[in-house]
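Just so you know, we're using numbering that gives the first Met the number 0 here: the sequence shown kicks off at 0 and counts up by one.
We put the CB at the ideal spot given by N, CA and C, even for glycine.
Being a predicted model, the structure only gives us computed values, none of them experimental.
Okay, so here's the structure we're looking at.
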Amino acid sequence: MKRRAQVTGISGARCAIMLVAAVLPSVWRFVPRCALRLRLTQEVIMAGNYTISVGTVGGGLSVSPDGGESWNRIRNPLPTECNIRALAVDPNHRHRIYAGSDNGLFRSNDNGFTWEYVESPMDDLQIWSVGIDPDDSETVFVGTRPNAFRSRDGGQSWESLDLGVRMPCPIGIPRTTNIIVDPRDTRTVWAGIEVDGVYRSLDGGDNWTRLPDLGPDPFHGDIHGMALKPGPESAIYCTTPFGISTSTDEGESWDLHEFPRFHAEDTRSYCRGMVIKPDNPSVMFVGNGDTIPGVTGAIRRTRDAGSSWDAPELSATPNSVVYWFAASPHVSEVMVAASIYGYVYVSADGGDSWDKLQKEFGEIRSLALTPND
């Protein structure tokens with residue numbers, strides 16, 4: 000993908016100058032930005048280094064083995080027009096991906112190019128999230144609408160879990176949009192509910208407790224993204240329509256950070272997806288936009304665990320809220336993001352700059368990033 004280097008103070012006529020180096024991996028070119036300034040862009044060719052998987056509503060699953068240059072649409076055994084709302088990479092097997100659909104659960108062991116159906120009681124349910132035990136890949140959690148399921152034998156058998164989710168909610172039947180097995184203690188499992196807040200189990204999923212509200216409005220419990228910051232100064236993060244909420248006391252209390260509004264008439268700055276940089280837990284990215292689904296968006300970044308935020312450069316303005324992110328500890332400088340309405344962005348410099356891929360999709364509902372080696 001593209002790694003950008005900004006050169007200022009270059010003057011000259013409005014023209015395009017293309018300089019092509021004969022030796023890969025770098026291709027250098029001058030691109031006109033305005034009459035008096037040219038931007039120097041270095042394109043670092045990373046084809047073959049990682050695979051991107053994109054799950055959509057109505058368009059099934061597409062996979063790119065070369066960083067977004069080419070794409071393969073998966074046609075078997077996943078239905079080509081199915082809804083893929085969840086993609087999760089096994090933390091212990093870098094090429095293993097789970098895909099949750101309205102047609103059941105599927106698994107790939109080769110970066111998403113071939114798939115097997117996982118027999119489960121979820122065939123007629125909407126799957127919204129998949130969580131895998133970082134210490135034991137045999138333990139898999141699947142979030143549905145409204146509750147969840149657990150397998151302790153790699154998907155051969157399943158148990159239904161009653162989280163105690165309150166119904167109805169403002170969207171009717173709540174959705175379990177996030178399930179995270181805590182790497183600090185894998186007996187602790189976190190669940191984010193759209194719309195009913197945060198739930199926690201301290202016994203591996205047998206029993207669940209609803210944690211205190213994130214705020215006074217019911218939609219403070221509209222949990223979109225969730226992440227855990229490991230280390231001695233651990234924290235739990237959740238995104239909602241109001242911003243990002245942080246807890247440093249295991250979910251007993253929450254502090255809200257709101258982002259700048261896009262328009263004067265906006266009542267809030269809507270937030271959706273989020274991800275922590277795998278090799279630096281103080282660096283985090285949040286997907287932002289004017290409303291849902293919105294007409295514009297941004298990526299917000301913190302490099303100090305939420306104390307301050309900036310907005311990295313994107314090569315094209317998002318056409319809706321930035322909904323999804325994907326990252327991998329095996330290609331830690333590569334980050335992937337997507338708007339809900341089909342734009343996919345890749346950063347090859349750890350999130351400093353983001354390039355929109357040429358390929359566009361319909362409604363994107365999930366992302367995954369896996370290494371090719």
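For P217, three-class secondary structure by DSSP: Sequence index remark: in the sequence shown, residue 217 carries index 218 (1-based). DSSP, reduced to helix, strand and coil, places P217 within a helical segment of the structure shown.
Three-pair Cβ contact test at 8 angstroms for the segment 147-161 versus the segment 208-217: no
Bridge partners - D309, DSSP secondary structure assignment: Counting from 1 along the sequence shown, the entry for residue 309 is found at position 310. D309 pairs with R300.
Contacts around V285, its chain only, beta-carbon distance under 7 angstroms, and the 5 residues preceding and following it disregarded: By 1-based counting over the sequence shown, the position of residue 285 is 286. Closer than 7 angstroms at Cβ, skipping near neighbours: T238, I243, C270, M273 and R299.
Stretch-stretch touch, CB-based, cutoff 8 angstroms, three pairs: the segment 81-98 with the segment 110-126: yes
Per DSSP, the bridge partner or partners of Y322: What you label residue 322 is simply residue 323 of the sequence shown in a count that begins at 1. Partner(s): none; Y322 has no beta bridge.
Proximity to I131 [Cα-Cα], best of D101, R186 and D89: Locating residue 131 in the sequence shown gives position 132, counting from the first residue. Relative to the Cα of I131, the nearest Cα in the group D101, R186 and D89 belongs to D89.
Identity of the residues DSSP links to W353 by a beta bridge: Start at 1 with the first residue of the sequence shown, and residue 353 comes out as number 354. BP columns for W353 point to L313.
Beta-bridge partners of I178, as assigned by DSSP: Taking the sequence shown and counting its residues from 1, one reaches residue 178 at position 179. DSSP, once it has assigned bridges, lists A190 as partnering I178.
Bridge-paired residues (DSSP) for F105: One-based indexing of the sequence shown puts residue 105 at position 106. Bridge partners of F105: A98 and Y116.
Neighbourhood of T50 by C-beta distance below 7 angstroms, restricted to the same chain and skipping five residues each side: Counting from one through the sequence shown, the residue named residue 50 turns up at place 51. Excluding positions up to five away in sequence, the list reads V62, S63, P64, N110, G111, T369 and N371.
Pairwise C-alpha distance: G296 and Y198: Counting from one through the sequence shown, the residue named residue 198 turns up at place 199. Counting from one through the sequence shown, the residue named residue 296 turns up at place 297. Their Cα atoms are separated by approximately 29 angstroms.
Sub-8 angstroms separation of L86 and S136 beta-carbons: Residue numbering aside, residue 86 sits at position 87 when the sequence shown is read from its first letter. Residue numbering aside, residue 136 sits at position 137 when the sequence shown is read from its first letter. No. Outside cutoff.
Close Cβ partners of D122 (< 7 angstroms) along its chain, the five nearest in sequence each way excluded: As a position in the sequence shown, residue 122 is number 123, starting the count at 1. Taken in chain order, the residues that qualify are N102 and G103.
Segment contact flag, the segment 275-295 with the segment 245-253, C-beta cutoff 8 angstroms, min 3 pairs: no
Residues sharing a beta bridge with S61, DSSP: As a working note, residue 61 is residue 62 in the sequence shown. For S61, which the question treats as bridged, DSSP gives the partners V53 and R72.
Selection from V343, D348, A347 and A367 that minimises the alpha carbon distance to Q357: Residue mapping note: residue 357 aligns to position 358 of the sequence shown, counting from 1. Closest by alpha carbon: V343.
Distance, A325 Cα to G341 Cα: As a position in the sequence shown, residue 341 is number 342, starting the count at 1. As a position in the sequence shown, residue 325 is number 326, starting the count at 1. Approximately 15 angstroms, taken between the alpha carbons.
Pick from W189, P240, E232 and T290 that is closest to E264, judged by C-alpha positions: Translated into positions along the sequence shown, residue 264 becomes position 265. E264 has its Cα closest to that of T290, out of W189, P240, E232 and T290.
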